[in-house]
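Structure first, then comments.
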Amino acid sequence: MNVICIEENAFYELIETVVKRLQEKKVQDNVWISSEEVMKLLHIKSRSTLQKLRDTGEIRYSQYGRKVILYEKASALEFLEKYACETF
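Here's what the structure looks like:
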């Protein structure tokens with residue numbers, strides 16, 4: 696069995712690097728979200744409002760088949776940011 700010794704600061708830096716990479720991977724896995732998830736994210740309750748956002752090009756989406764529509768999470772967040780009000 697081999698034992699590796701490193702300084703305490705180097706150990707914590709290594710742990711932080713691993714955590715950051717895991718978080719980045721998790722974000723990449725969640726690029727496309729369902730209708731229910733985007734409605735929850737945008738706090739809208741009507742599917743017709745979601746349809747309007749698609750029709751006007753406010754939110755990017757991908758559709759394959761007739762019923763499966765996925766939304767780009769980053770696009771939904773950009774939409775929210777576009778209408779964000781600055782505080783005083």
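In this text, residue positions in the sequence shown follow the working numbering: the first is 696, and each later residue adds one. Where is the CB? At the ideal position from N, CA and C, for every residue including glycine.
Contact check, residue i vs residue j, beta carbons under 8 Å
i, j, result
"E767", "Y778", "no"
"L745", "V763", "no"
"S729", "L765", "yes"
Closest Cα partner of residue i within the set the options
i, options, result
"E753", "A705, L737 and V713", "L737"
"W727", "Y707, K740, S741 and L772", "L772"
Which of helix, strand or coil DSSP assigns to residue i
i, result
"E767", "strand"
"I699", "coil"
"I728", "strand"
Beta bridge counterpart(s) of residue i as assigned by DSSP
i, result
"Q758", "I764"
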